[in-house]
Amino acid sequence: MTSLSGLSRRALLGSAGAAGLAVGVAGGALGQQALAAPGPADDGAAVLGLAAIPFHGPRQAGILQPAQARVQLAAFDLADGAGRDGLRKLMQQWSATAARLARGEEAPSAENQIALDAGPCSLTFTFGFGASLFDRTGLTDRRPAGLTPLPDFPGDAIDRARSDGDLWVQIGSDDALVAFHALRVLQRQAAGLATLRWQMTGFGRTPGATPHPMTGRNLMGQVDGTNNPKPGQDGFEEKIFTGGAGWLNGGTYAVVRRIRMLLDNWESLPTDRQERVIGRRKSDGAPLSGGTETTAVDLAARGADGALAVAADAHIRVAAPASNGGATMLRRGFSYADGALADGSPDAGLLFVAFQADPMTGFVPVQRKLARGDGLSRFLRHESSGLYAVPPGAPEGGYVGQTLLD
Ligand code: HEM
178 MTSLSGLSRR
188 ALLGSAGAAG
198 LAVGVAGGAL
208 GQQALAAPGP
218 ADDGAAVLGL
228 AAIPFHGPRQ
238 AGILQPAQAR
248 VQLAAFDLAD
258 GAGRDGLRKL
268 MQQWSATAAR
278 LARGEEAPSA
288 ENQIALDAGP
298 CSLTFTFGFG
308 ASLFDRTGLT
318 DRRPAGLTPL
328 PDFPGDAIDR
338 ARSDGDLWVQ
348 IGSDDALVAF
358 HALRVLQRQA
368 AGLATLRWQM
378 TGFGRTPGAT
388 PHPMTGRNLM
398 GQVDGTNNPK
408 PGQDGFEEKI
418 FTGGAGWLNG
428 GTYAVVRRIR
438 MLLDNWESLP
448 TDRQERVIGR
458 RKSDGAPLSG
468 GTETTAVDLA
478 ARGADGALAV
488 AADAHIRVAA
498 PASNGGATML
508 RRGFSYADGA
518 LADGSPDAGL
528 LFVAFQADPM
538 TGFVPVQRKL
548 ARGDGLSRFL
558 RHESSGLYAV
568 PPGAPEGGYV
578 GQTLLD
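For the sequence shown, position 401 matches number 578 in this note's numbering, and the numbering has no gaps at all.
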């Protein structure tokens with residue numbers, strides 16, 4: 178039985194239509210049925226519900242797909258005594274559940290009906306292992322080299338209670354109820370084996386909110402994500418996914434940072450000064466060296482006054498691979514807004530998530546440079562931090578982490 182009641186299932190299928198085909202449903206039983214029997218296109222929300230991203234595959238889902246409108250990020254700590262067997266059991270159960278929920282089916286256990294009326298809405302699960310997991314499961318000698326704790330960076334204000342953790346999960350969906358449901362099910366299934374260490378809720382732009390697909394904006398109002406590396410580009414695979422013969426072959430590393438934005442300060446800057454801080458126009462994301470959003474940045478370009486068009490401390494200059502010996506990462510961040518701090522300022526910013534083959538040649542050198550010389554860092558506080566080894570995807574019938582645990 179799927180998680181859709183007869184009525185809502187018919188409603189979803191009946192409203193897929195031409196718009197559903199355009200969305201590019203990525204697979205799954207429900208999605209295929211919908212494509213086979215399209216009805217009148219009258220309800221964009223139902224089309225979003227139909228989109229299904231398979232859990233199984235060579236890569237975990239939630240890395241290469243566009244960021245969904247909603248995310249739950251969470252870390253768990255393994256219970257004392259759970260050990261390697263407990264971890265294996267947990268990963269088997271979580272993987273089986275993730276595969277079902279990603280198809281729009283009910284959870285095999287701990288189902289609490291929160292998402293009963295909805296399709297999967299592009300639900301993805303991405304699991305990662307923190308450095309502490311290896312000691313706790315007797316697997317210290319299998320800890321991958323890249324899982325060395327991130328160094329402290331100048332200006333960091335890290336809350337360790339909301340950092341690190343044995344296990345990490347990123348749950349993305351285009352529906353907030355679907356994402357929360359998925360996390361809640363995983364949490365209840367972990368009873369006795371692992372406890373929640375921290376949880377963060379994030380969001381991005383809802384598909385269909387703009388007249389045509391556009392790069393999203395962050396809470397500072399900037400077009401964010403333009404110069405991400407793209408699959409198919411020279412060296413993409415090697416820079417984002419790990420190679421070698423070990424258990425992490427085909428996986429990656431996730432760096433997760435909760436970065437609060439000092440929005441009151443930022444919003445007091447006039448737009449042209451905000452643009453100089455980043456090096457791109459706010460209206461359309463075009464680089465200040467000229468052209469449109471997707472025009473290559475010319476870091477050497479100068480204006481009529483002879484000054485660098487992209488300032489010496491502009492974020493896109495300091496962060497660029499060209500300024501960091503080719504250092505590359507795939508950013509897949511989400512905004513967060515969690516009310517106000519004691520001083521009344523917004524507790525809001527970016528849940529920065531970046532994937533790379535090696536954090537020591539990806540995130541670390543870039544963040545070192547940003548912390549010292551980036552004009553944007555005056556408006557940011559890094560408040561939590563995590564680094565996780567993200568195993569390769571699981572084949573049909575397998576589970577995430579199997580290459581380490583079997
Ligand atoms: C709240 C914090 C941050 C904000 C608001 C922010 C915003 C932006 C924006 C608006 C762009 C230009 C558009 C684009 O190419 O995506 C950009 C580019 C970029 N950012 Fe950030 N960023 C933040 C933190 C970071 C951090 C922590 C890193 C890495 C350590 C980073 C690395 C990059 C890189 C590599 C680029 C592309 C540069 C290029 O090659 O053109 N950003 N960021």
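Backbone N, C-alpha and C fix where the C-beta goes; we use that ideal spot for every residue, glycine too.
| Item | Value |
| --- | --- |
| Proximity below 8 angstroms, CB of Q563 to CB of G332 | The question names Gln, yet the displayed sequence has Gly at residue 563. Result no, Cβ atoms of G563 and G332 do not sit closer than 8 angstroms. |
| Between the CA atoms of R277 and E283 - distance to the nearest angstrom | 7 angstroms |
| R508 beta carbon near ligand 1 (any heavy atom closer than 7 angstroms) | yes |
| Supposed contact pair L425 and P523 - C-beta distance, whole angstroms, cut 8 angstroms | With a Cβ gap of about 38 angstroms, P523 and L425 do not count as contacting. |
| Span of the beta strand (DSSP E) around V433 | 429-438 |
| Local conformation of H358 per DSSP, three classes | helix |
| Within 8 angstroms, strictly: CB atoms of L264 and L255 | yes |
| Rounded C-alpha distance that separates A229 from A481 | 51 angstroms |
| With 16 other Cβ atoms within 10 Å as the buried cut-off, status of T419 | buried |
| Element boundaries [alpha helix (DSSP H), containing V543] | 540-550 |
| DSSP state of M377 mapped onto helix, strand, coil | strand |
| Alpha-carbon to alpha-carbon, H559 and I335 | 6 angstroms |
| Q592 CB to nearest heavy atom of ligand 1 below 7 angstroms | Residue 592 falls outside the range modelled here, since the chain spans only 178 to 583, and no answer is possible. |
| K266 versus A275 - alpha carbon distance | 14 angstroms |
| Assigned secondary structure, H233 (DSSP; H/G/I helix, E/B strand, else coil) | coil |
| Per DSSP, the bridge partner or partners of F532 | A431, L507 |
| For D254, three-class secondary structure by DSSP | strand |
| Three-state secondary structure (DSSP) of A571 | coil |
| For I418, the first and last residue of its enclosing alpha helix (DSSP H) | The sequence given here has Phe at residue 418, not Ile. No alpha helix (DSSP H) holds F418; DSSP gives it neither H nor E. |
| Helix, strand or coil at L425 according to DSSP, with G and I counted as helix | coil |
| T429 classed as buried or exposed, judged by whether at least 16 other C-beta atoms fall within 10 angstroms | buried |
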